[in-house]
Structures are given as structure tokens and as C-alpha cells.
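Here's the structure we're looking at; comments come further down.
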Amino acid sequence: MLRAAGVGTGDEVVVPAYGNAEVAEAVVDAGAMPVFADIEPSTYCLDPDAVAAVVTPRTAAVVVVHRFGNQADVARLRGVGQRHGLLVLEQDELEVPPDGQARRRAHAAYLSGRLSGVVTPTGGAGHSYQQYVVRVPGNGRPDRDAFARAVRAKGVDCRVPVKTPVHRMPRFWRDVVLPETERAADETLALPVDASLSRRDLQRVVSACNALGGLLQPAF
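FYI, the numbering for the sequence shown is 286 to 505, going by the working numbering.
Structure below.
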């Protein structure tokens with residue numbers, strides 16, 4: 286899409302650093318330079334104000350990634366694009382089949398109503414819960430990683446969705462500070478929410494997580 290739009294050498298493209306490196310790699314493959322902007326903490330998608338702050342005369346496009354089933358604020362991002370004459374492209378992660386979305390939403394509602402000791406997703410009508418991502422409060426990765434190890438020891442599959450922000454990877458290293466991106470990378474943990482899970486499976490997730498409430502001190 287970037288190449289088809291004429292984006293290439295000498296251009297800059299604003300992309301999120303929270304996620305995998307594929308978008309930044311696509312920008313480089315097109316001959317352009319990826320520029321990283323911070324995310325909104327509630328959606329993990331690009332923050333329109335942060336995007337506007339990094340626009341330069343060389344900026345040609347913005348690539349918006351809808352993350353974990355959350356929808357980015359496309360209206361505001363397109364507004365930024367219109368004000369600066371930028372192409373705004375959207376990318377979805379893997380889509381959940383329609384027959385599985387209702388069950389995922391129901392599972393997410395069950396978890397959000399019963400989990401304690403973690404910050405549950407904000408949700409919303411548009412959230413498809415491709416992943417059910419919580420935040421483990423504390424002082425960063427040691428807390429989240431200790432929590433993840435303890436939950437796995439209780440037989441619950443969980444994973445860190447983004448281990449290293451793209452702007453901290455050697456190939457794309459930038460001397461920029463993206464506080465919400467870095468905080469999300471330190472605190473987030475994806476818990477199982479697959480449509481195939483049974484109520485007993487979900488109860489196991491809740492029990493395992495809630496039993497660890499005393500492991501961490503809430504962050505204020």
C-alpha cells in the first residue's frame with residue numbers, strides 16, 4: 286500500500302512502536318523512514334496527539350494498527366492526516382471469525398467481572414478481544430514476569446504480548462521516549478479468552494490470578 290501510494294525514499298511514515306516490527310519493516314522496504322509515536326494507554330493504538338507531535342515536512346503517511354481487537358481513534362487520526370496532507374493507512378491484526386466474537390466477548394466479560402489484582406481491558410462495543418490483555422500493576426517487568434510465571438505454574442497459559450517496543454530493537458533503535466509504549470510493554474499480559482474455552486477453564490484463570498493478589502503492590 287505504501288509503494289502504491291508513492292511513498293518512498295526521503296519520506297517519513299509514522300508508525301506505532303508498541304507491537305511487532307512488521308510495520309516498520311514494511312516502511313523500510315518501501316525506502317522510507319519509520320517514525321515512532323506513542324500510544325493511548327486504554328487502546329494500545331496510536332495517540333492522535335502524539336502523531337501530530339512528530340509530523341515534519343517529510344512525513345508522508347501514518348500507519349494505524351488496531352491492536353488486540355481494540356479500534357484506534359481513526360476519526361481523529363484522519364483529522365491529523367487531513368490537516369497535514371498525510372495518507373492514513375489502517376491495518377488490522379488477525380480477525381476473529383464472527384461466530385467466535387460473541388463467545389470471546391462473553392468470556393472477556395466473565396473475566397473482567399471477576400479478576401482482581403490486575404487492570405482489566407477497558408472494552409467497549411467495538412472490542413473483538415482478539416487478545417484479552419490485562420496490566421499487572423507494579424514497578425515494571427519483574428512484577429509482570431513474576432506474575433506470569435506464577436500463573437503458568439498453576440496451569441494457565443498466558444503470554445507477554447509485546448516484549449520489546451520496536452524503537453528499542455537494535456535495527457530500529459531511536460533515542461526517543463515513548464512513556465505509554467514503554468509502560469505497556471512492561472505491564473501487559475495476555476490471558477486466554479479463546480472461544481473454545483469452557484466455564485471451568487475461565488474459572489481456573491480467575492482462581493490462578495486472584496490467588497496472587499498479595500504478590501504485588503498496586504501502582505498509584
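The beta-carbon is built from N, C-alpha and C at its ideal position, and this holds for glycine as well. From a predicted model like this one, the values you see are computed outputs, not experimental measurements.
Taking one beta carbon from each stretch, the region 339-352 and the region 302-312 have 3 or more pairs nearer than 8 Å; the two touch. Of the candidates 485, 399 and 470, the residue whose Cα lies closest to the Cα of residue 428 is 470. Counting along the chain, residue 377 sits inside the beta strand (DSSP E) bounded by residues 372-377. By the C-beta criterion, the region 286-302 is judged to be in contact with the region 316-327, since at least 3 inter-stretch pairs fall below 8 Å.
Proximity to residue 421 across 363, 404 and 367 peaks at 404, based on C-alpha coordinates. Here residue 441 is near residue 490, since their CB atoms are less than 9 Å apart.
Counting C-beta pairs closer than 8 Å gives three or more between the region 441-461 and the region 471-487, which meets the contact rule.
Put simply, the backbone Cα of residue 482 is about 11 Å away from that of residue 391. Of 386, 493, 406 and 286, the smallest CA-CA separation from residue 376 is found for 286.
Shortest Cα-Cα distance from residue 329 to any of 402, 312, 412 and 394 involves 412.
Just so you know, the alpha carbons of residue 496 and residue 461 end up roughly 38 Å apart. Under DSSP, residue 474 forms a beta bridge with 419. For residue 396, the three-state secondary structure derived from DSSP is helix. For residue 406, there is no enclosing alpha helix (DSSP H), as DSSP gives it neither H nor E. At the C-beta level, residue 312 and residue 292 come within 9 Å of one another.
With fewer than 16 neighbouring CB atoms inside 10 Å of its own CB, residue 407 falls in the exposed class. Close CB contacts of residue 465 within its chain, under the 6 Å cut and outside five residues either way in sequence, are with 323, 324 and 326 (chain order).
Here the alpha carbons of residue 307 and residue 436 stand approximately 30 Å from one another.
The residue among 450, 345, 434 and 492 with its C-alpha nearest the C-alpha of residue 294 is 345. The shortest CA-to-CA distance from residue 359 to any of 401, 409, 333 and 431 is the one to 333. In the DSSP annotation of this structure, the continuous segment of the beta strand (DSSP E) that includes residue 351 starts and ends at 344-351. Within its own chain, the residues whose Cβ lies closer than 7 Å to the Cβ of residue 297, once the five positions on either side in sequence are excluded, are 317, 318, 320, 341, 343, 344 and 345, listed in chain order.
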